[in-house]
Amino acid sequence: ILNVEQSPQSLHVQEGDSTNFTCSFPSSNFYALHWYRWETAKSPEALFVMTLNGDEKKKGRISATLNTKEGYSYLYIKGSQPEDSATYLCAFIGDTDKLIFGTGTRLQVFP
Amino acid sequence: EAGVAQSPRYKIIEKRQSVAFWCNPISGHATLYWYQQILGQGPKLLIQFQNNGVVDDSQLPKDRFSAERLKGVDSTLKIQPAKLEDSAVYLCASSQDRVGNTIYFGEGSWLTVV
């Protein structure tokens, strides 16, 4: 059974703080890693699709890095805002052609 | 472009009753997914369709869950009879092909079984 782990499980930060979370996944048979942001009562929103070792992607204040050899990805949020409060999910695709999700990191940003 | 549509948004039923969820994917998307997300866990794939064929239903509890995608467009997920542990968000998603590309999710159908 493939295991995708995310840490921390939850995070509380003050507005303006920068933060980061980790997604760990199997380092063999890697195909792609997805990051999603899921606000309560809304659709999970795709942030990044990462496929190459060493990939770095950026969208506004949010960025992500990928290390497929050691099996981890970091998501960074610079200058967190209350509207960044959400659950951040990563999902791994290997050779099974199936998206396997982690349990998510729940971020709460306080004004 | 219209997103993935799901209904109903919220449903409360008693155990042993049945429930059905409907999903209309983004137009032109060949692949459709149903995920179950239980509180505190990551979304778990229940079933994946490619057009109107099943690609993966290995984690679908087939004694009580069924899903169909007639004509390769919209899809229905049914639970009969429901158990307390079926309380979850049921997310439908679609993508243009099977892997790699972005997967687009609906807002989910929130089920509570009492």
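First to last, the sequence lines map onto chains C and P.
Counting along the first sequence from 1, when you hit position 89 you're at 89 in the numbering used here, and nothing is skipped either side.
Counting along the second sequence from 1, when you hit position 9 you're at 1009 in the numbering used here, and nothing is skipped either side.
By construction, the Cβ of each residue, glycine as well, lies at the ideal position given by its N, Cα and C atoms.
These numbers were taken from a predicted model, which means no experiment stands behind them.
Measure the beta-carbon distance from S28 of chain C to K69 of chain C and round it to whole angstroms, keeping in mind my assumption that it falls under 8 Å.
-> Looking up residue 28 of chain C in the first sequence gives position 28. Looking up residue 69 of chain C in the first sequence gives position 69. About 10 Å; that fails the 8 Å criterion.
Inter-residue CB distance, A1030 of chain P and Q1050 of chain P (contact presumed, cutoff 8 Å) | Residue mapping note: residue 1030 of chain P aligns to position 30 of the second sequence, counting from 1. Residue mapping note: residue 1050 of chain P aligns to position 50 of the second sequence, counting from 1. Confirmed, Cβ separation roughly 6 Å.
Mapping DSSP to helix, strand and coil, what is L1060 of chain P?
-> Sequence index remark: in the second sequence, residue 1060 of chain P carries index 60 (1-based). Looking at L1060 of chain P - three-state DSSP - the assignment turns out to be coil, as it is neither helix nor strand.
Terminal residues of the continuous beta strand (DSSP E) containing L1032 of chain P?
-> Translated into positions along the second sequence, residue 1032 of chain P becomes position 32. Segment 1031 to 1037, the beta strand (DSSP E) holding L1032 of chain P.
Compare the C-beta of L1077 of chain P against all C-beta atoms of chain C and say whether one is closer than 9 Å.
-> If you number the second sequence from 1, residue 1077 of chain P lands on position 77. So, not an interface residue.
Tell me the start and end of each unbroken beta strand (DSSP E) in the region 71 to 97 of chain C that is at least 3 residues and wholly inside, in chain order.
-> For the region 71 to 97 of chain C, whole beta strand (DSSP E) runs of length 3 or above, ordered along the chain, are 72 to 77, 86 to 93.
Members of the region 82 to 103 of chain C that neighbour chain P once the beta carbon cut-off is set at 7 Å | L89, I93, D97, K98, L99, F101, G102, T103
Determine, using beta carbons only, whether E1107 of chain P comes closer than 9 Å to chain C.
-> Counting from one through the second sequence, the residue named residue 1107 of chain P turns up at place 107. Judged by the 9 Å Cβ criterion, E1107 of chain P is in contact with chain C.
Three-state secondary structure (DSSP) at V1071 of chain P?
-> Working through the second sequence from its first residue, we reach residue 1071 of chain P at position 71. Val is not the amino acid found at residue 1071 of chain P; the sequence shown has Lys there. DSSP places K1071 of chain P in helix when its eight states are reduced to three.
Contact the region 1087 to 1095 of chain P vs the region 1025 to 1043 of chain P: 3+ CB pairs below 8 Å = Short answer: they touch.
Based on Cα-Cα distance, which residue from C:H34, C:K59, C:T40, C:W38 lies nearest to L52 of chain C?
-> Position 52 of the first sequence holds residue 52 of chain C. When each option's Cα is compared against that of L52 of chain C, the closest is C:H34.
Short Cβ contact (9 Å threshold) for I1013 of chain P with T1112 of chain P = Along the second sequence, read from residue 1 onward, the residue named residue 1013 of chain P stands at position 13. Along the second sequence, read from residue 1 onward, the residue named residue 1112 of chain P stands at position 112. Yes, Cβ-Cβ distance for I1013 of chain P and T1112 of chain P is below 9 Å.
Residues near K1011 of chain P by beta carbon distance below 6 Å, same chain, minus five either side | Here residue 1011 of chain P refers to the residue found at position 11 when the second sequence is read from its first residue. If we look at K1011 of chain P and ignore the five residues flanking it on each side, its Cβ neighbours are V1019, L1111.
Compute the Euclidean distance between the alpha carbons of C90 of chain C and N67 of chain C, then round it to the nearest angstrom.
-> Position 90 of the first sequence, counted from the first residue, corresponds to residue 90 of chain C. Position 67 of the first sequence, counted from the first residue, corresponds to residue 67 of chain C. Taking the straight line from one Cα to the other gives about 14 Å.
Is there a Cβ from chain C that is less than 9 Å from the Cβ of N1024 of chain P?
-> To locate residue 1024 of chain P, count along the second sequence from 1; it is residue 24. For N1024 of chain P, no CB of chain C lies under 9 Å from its own CB, so it is not counted at the interface with that chain.
Helix, strand or coil: which one does DSSP assign to L2 of chain C?
-> Here residue 2 of chain C is taken as the residue at index 2 of the first sequence, counted from 1. Looking at L2 of chain C - three-state DSSP - the assignment turns out to be coil, as it is neither helix nor strand.
Spell out whether any CB of chain C is found under 9 Å from the CB atom of Q1096 of chain P.
-> Walking along the second sequence from the start, residue 1096 of chain P turns up at place 96. Not closer than 9 Å to any Cβ of chain C, the Cβ of Q1096 of chain P fails to qualify, so no.
With a cut-off of 8 Å on the beta carbons, I'd call V1004 of chain P and G1106 of chain P a contact; round off their distance for me.
-> Along the second sequence, one-based indexing puts residue 1004 of chain P at 4. Along the second sequence, one-based indexing puts residue 1106 of chain P at 106. That belief holds up - the Cβ atoms of V1004 of chain P and G1106 of chain P are roughly 4 Å apart, short of 8 Å.
Determine whether the Cβ of V49 of chain C lies closer than 9 Å to any Cβ atom of chain P.
-> The residue labelled residue 49 of chain C in the question sits at position 49 within the first sequence. Chain P contact via Cβ: present.
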